[in-house]
Each structure stands twice: as structure tokens, then as C-alpha cells.
Amino acid sequence: MIYTIDTHYQGRERATAVYLVAGPAGPLLIETGPGSTLPYVLTGLKQHGYEPADIQHVLVTHIHLDHAGAAGWWARQGAQIYVHERGAPHLIDPSKLINSASRIYGDRMDELWGETLPAPAEQVTVIYDGERLKLNGVEILVLETPGHANHHHAYRIGDECITGDSAGIHLPGSPFVDIPAPPPEFHRERWLETVKKLQAQNFSRIHPTHFGAHDNVAERLSAFALLIDDMTEFIGDCLRAGYERDEIVARLYDWVQERLTRGGADEAIRQLHEVANPFAMAVDGISRYWHKYGGLA
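Numbering (our numbering), first residue to last: 69 to 365.
Here it is as C-alpha cells:
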């Protein structure tokens, strides 16, 4: 059984999740959230009858702080952390992650992310595409899913999948499937191949980190593939037209808001999209893609 634990990231409900998987021999976690949200995660565990000491296995889809920022804390409680080979060094020594985030968030680091502790090397296990894990009686198929990040995994459990960011952002009540496209690793073609890979799995349900369980998988993945192309081309057109970064951010905001309005989204949903996926981040990530791979100077 897969349970959603709301991390209440930035004080918002239904924006960022940690998943509790209750196996026949005990629980495991997929994702950790950032250190700043640990109290909510621990409360969620307790509501399901578990204590931190019960968590011996933690998988992360990738190492971005909203997904794996508290991995070091869990490792220090004795949990084994499972991660892509490119992500493992950054869990053991998160200094580059912290320094990179600090340049962006400055004095908001503690508020947003809390403490990001290094994980002892012996507590970190590298896992690979196609590997089949059996943890506490739960069988998990590891799927490499680049596009959002080159070190991204999704995890198939039965006919369901915990997708991290690989299937996009699916906020409850929102008519819009959003695309998390931070620099430096957003890559349109790789991501479209990932979507095809996920579609071929014929999941009955997906569990994106942003947020919760969703059943109409085929429709959602098709919409997401179209969005990858549409948003990439929209920002490419803005760059070719010579707009500055702030102008492109404003134009993307209007582009998304028009789609939210068309789908009947209320103000709370609009605000939740900005928390889960800041527009400036998407502009930076997709602009970098165009400059690096799309022939724009």
C-alpha cells in the first residue's frame, strides 16, 4: 500500500509529497523532502503507526533538495539510502548542492531547506536502470528517467509508479499538467523518450512528488508530452524574439495562467503552481537548453 505524506513545503498543503510504502515486513520511504519539512514527515509516519527507527530503507528519485534534502538525516538514523549512481556522491558530500542552492536562495536557505546533512558512504546504495529490488517484501522495478535530471529514477511497485518529477507536476484539482524544468539538466528529447518509456509500462496509477495519486495515467502522460514541446517552443520563440529574461518570465506566467483560467482553476491552485514550480526556474532551465542544444547564442 502506498500512502501520501504531505510535507507542507513552504507552508503549502498538497504541493510536495513523501511516499510511505507499507510492506509485509515493514515500511519504506520514497523521497524525503527537505530538512525543513522533517517534522511534518515524522508526524505523517506516526499517523500511520510508525517511528523513525522503523524506516530502514529510503529511495530517492533524484537529489534535488525538495526530493532528497533530508536523506542524510535518515541515513544517520540507520536507514539505507538508494539512489542513482550520479546522485550518490552528492548525498555523501552535499556541499556542491548547498553552495548551488545558496547562490539562488541566499538568506532563505534555512527557511526553505533546513539542514542538509551528509550521508555516511556506507549508508548509500547505488541502483541502476532495470534493477529489481525486494525491500521489506516490496518488489520495486528501477526505471531510469532522464529529462528533468540526468540522475533521475522512477520506481514501479505492482502496476503503480512513483514518478518523482519524470511525469510532470500534477497538483490535485488543477487542470494543468506542469513541467518542472530547472537548470542545468532539462533536455527536451531525453524527456520525451522518458515519457514514452513510462507510457509503455501501462501503469494504473502514478504518484508524482508534486503531488499525490492520479489514475488517468494515459491521458496525463499524453498531455505532459505535448506540454514539453509546447513550453519549450514558447520559450524558444521568446528567446529568438530577443526578449530579456524577466520579460520571458512574465510572458510564461501569462501563458500558464491563461491555461489555468481556461481549465477553471481557482486562486489557490494558481498560487500552488508557483510554489511547486517557480516560473523563473522553468525559464532558466529551458533557456539553457536552447543555448546549449538549440543553436541559440
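For each residue, glycine too, the CB sits at the ideal point set by N, CA and C.
Only counting the same chain, and skipping five residues up and downstream in sequence, which positions put a Cβ closer than 6 Å to that of residue 352?
251
Can you pull the DSSP bridge partners for residue 182?
Residue 182 is not bridged by DSSP to any residue.
When you compare only the Cα positions, how much space is there between residue 139 and residue 232?
15 Å
Rounded to whole angstroms, what's the CA-CA distance from residue 120 to residue 319? Just pull it up for me.
45 Å
Select from 153, 255 and 114 the residue whose C-alpha is nearest the C-alpha of residue 122.
Among 153, 255 and 114, the Cα nearest to that of residue 122 is on 114.
With which residues is residue 320 paired in a DSSP beta bridge?
Answer is none; residue 320 lacks a bridge partner.
Of all the options 266, 159, 204 and 101, which has the alpha carbon lying nearest to the alpha carbon of residue 194?
159
Within a Cβ cutoff of 7 Å, which residues of the same chain sit near residue 322, ignoring the five residues on either side of it in sequence?
none
Please classify residue 150 as buried or exposed, where buried requires at least 16 other C-beta atoms within 10 Å of its C-beta.
It is buried - the Cβ of residue 150 has at least 16 other Cβ atoms within 10 Å.
If we count the other Cβ atoms within 10 Å of its Cβ and call it buried at 16 or more, is residue 163 buried or exposed?
Counting every other CB atom within 10 Å of its CB across the protein chains shown gives residue 163 a total below 16, marking it as exposed.
What does residue 90 pair with, by DSSP beta-bridge criteria?
95
Can residue 292 and residue 239 be called in contact, C-beta distance under 7 Å?
no
For residue 230, does the three-state DSSP call read helix, strand or coil?
Under the three-state reduction of DSSP output, residue 230 falls in the strand class.
Give the range of the beta strand (DSSP E) segment to which residue 267 is assigned.
Not the beta strand (DSSP E): residue 267 falls in the alpha helix (DSSP H), residues 256-268.
Determine, using beta carbons only, whether residue 87 and residue 275 come nearer to each other than 7 Å.
yes
Who does residue 207 pair with in a DSSP beta bridge?
202
Among all the DSSP beta bridges, which residues are the ones paired with residue 149?
126 and 192
Flag this pair as yes or no: are the beta carbons of residue 135 and residue 262 separated by less than 7 Å?
no
Would you mind reading off the limits of the beta strand (DSSP E) that contains residue 70?
70-74
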